[in-house]
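Quick notes on the structure that follows.
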Amino acid sequence: MQMKKILLIYTGGTIGMMKDPETGSLKSFNFEELSKQAPELKRFAYAIDVHSFNPIIDSSNMQPEAWVRIAELIFSAYDAYDGFVILHGSDTMAYTASALSFMFEDLAKPVVLTGSQLPVGEIRTDARENLVTAIEIAASDHPIIPEVCIYFDYKLYRGNRASKYNSVKFEAFQSVNYPALAEAGVHIRYNTEFIMPVNKNKLQIHTKLDPSVGLLKLFPGITESFVQAILKTPGMKALVLEAFGSGNAPTDPWFIDALQMAIEQGIIIYDVTQCGGGTVELGLYETSASLKSIGVIGGSDITTESAIAKLMYLLGKGLSKQEIEALLPQSLRGEMMNG
Ligand code: ASP
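Counting from 1 along the sequence shown, just add 757 to a position and that's the residue number in the working numbering.
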């Protein structure tokens, strides 16, 4: 049997940081240092090549241009490797995973993002387990995971279903609306019924992303001037509305009128729930019926991270407002239940 080949892409994050003795804050170190702290990497019976970002970044500095770099790198190396592992800060990992899931169409190999809550050099670090098991999963062929996923704290999640929910627990991610794809214990148990089937189509890559997207989280007491300021953001083409519960919002005429005017002026409004889980059902309550009637699109059980990435992807394709609005209630990469 041929030796499995894995490409490890190091973008940065806590996993490869150490304390600056002068300032006390965490800063990044290069891959050579990281691999010294994780000698397990040499024990794999896989050929592991490394590509490191230069400079490596804290994921709070992650931008769509970097998503494109990662996607292009994977695309150009696609035939030469069996799987891909991306070391990434956990803060924006769910955004990157969501964006990559849309950028790849007909993915047939695993792309696993991982990182850690403690640097690899710390005694109690979670980095080694995350890294080692992510590589194991990327090399698996029983089953092959043809998805962009996040591996963290013994669980493998569909990347566009996961969110970072805890900044201090090793269990930093949750996927409330979709079951874990795998759980690692003594054995790695794959939940095959939830993993996408491998298809035989040729991988396509979409690297045009349009970040002309906004995010408005509702709260009781939100003012008209604030909502107006957001809706009048120059150049904004689409807005994710983080609404209450099952997609509900205030019924005040000023609020509905403001959204209606924005929609008439060409802005797409995508309603997601600010609850960690559950689904948007526009029209279930009176407080969402008018949103539906003015043309707000319901985001079913999509995460905010995924909604933002999906809009950037669809806007980047240069589709019309009507075409995008027709695609938003549909699951394109398993990111939501069909609405
Ligand atoms: N600030 C870090 C980052 O996202 C946190 C982490 O890696 O977990 O890059």
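Think of the CB as a built atom: it goes at the ideal place given N, C-alpha and C, for glycine as much as any other residue. Source: prediction; values computed, not measured.
Only exposed fits E1080, as fewer than 16 other CB atoms lie within 10 angstroms of its CB. In the same chain as S982, and ignoring 5 residues on each side of it, no C-beta atom comes closer than 8 Å to its own.
The three-state secondary structure of V889, taken from DSSP, is helix.
Counting only runs of 4 or more residues that sit fully inside the segment 830-860, the alpha helix (DSSP H) segments are 850-860, in chain order. The straight-line gap separating the alpha-carbon atoms of L960 and K989 is approximately 38 Å. Put simply, of S1045, N917, V943, S809 the residue whose alpha carbon is nearest the alpha carbon of E790 is S809. The beta carbon of H963 is closer than 6 Å to those of M860 in its chain, skipping five residues each way along the sequence.
For Y1070, the enclosing alpha helix (DSSP H) covers residues 1061-1073. Of L783, I763, A941, I1065, the smallest CA-CA separation from V868 is found for I763. Taking 3 residues as the shortest admissible run, the segment 944-972 contains the following complete beta strand (DSSP E) segments, listed from N- to C-terminal end: 945-947.
Following the DSSP letters along the chain, one finds M774 inside the beta strand (DSSP E) bounded by residues 774-776. In the three-state scheme derived from DSSP, where H, G and I count as helix and E and B as strand, Q931 is classed as strand. A check of alpha carbon separations from A837 across D848, K866, L975, N818 identifies K866 as the nearest. Within 6 Å of the C-beta of T771 there is at least one heavy atom belonging to the ligand ASP. DSSP places E1038 outside any alpha helix (DSSP H), giving it a letter other than H or E. Close CB contacts of A1064 within its chain, under the 6 Å cut and outside five residues either way in sequence, are with V997, Y1027, V1029, G1056 (chain order). If you check the CB distance, N917 and E1092 come in under 7 Å. Short note on D910: C-beta not closer than 6 Å to any heavy atom of the ligand ASP. Bridge partners of I1026 according to DSSP: L996. The beta carbons of A995 and I1020 sit no closer together than 7 Å. Rounded to the nearest whole angstrom, the C-alpha separation of L870 and H899 is 19 Å.
Under the three-pair Cβ rule at 8 Å, the segment 911-928 counts as touching the segment 841-861. With a beta-carbon spacing of about 12 Å, T771 and L888 fall beyond the 8 Å limit used to define contacts. Here S847 is not near K784, since their CB atoms are 7 Å or more apart.
Bounds of the alpha helix (DSSP H) holding A1015 are 1010-1021. Counting only runs of 3+ residues, the beta strand (DSSP E) found wholly inside the segment 765-800 occupies 774-776, 783-785, in chain order. Residue pairing by DSSP places G1055 opposite D1028 in a beta bridge. In terms of side-chain proximity, the C-beta atom of S982 is found no nearer than 6 Å to any non-hydrogen atom of the ligand ASP. Using a cutoff of 6 Å, the CB of G878 does not count as near the ligand ASP, since none of the ligand's heavy atoms is closer than that. Under DSSP, R915 shares a beta bridge with C906. Here the C-alpha atom of Y1070 lies approximately 5 Å from the C-alpha atom of L966. Check the Cα spacing between D910 and each of F832, A939, P1010: the tightest is with A939.
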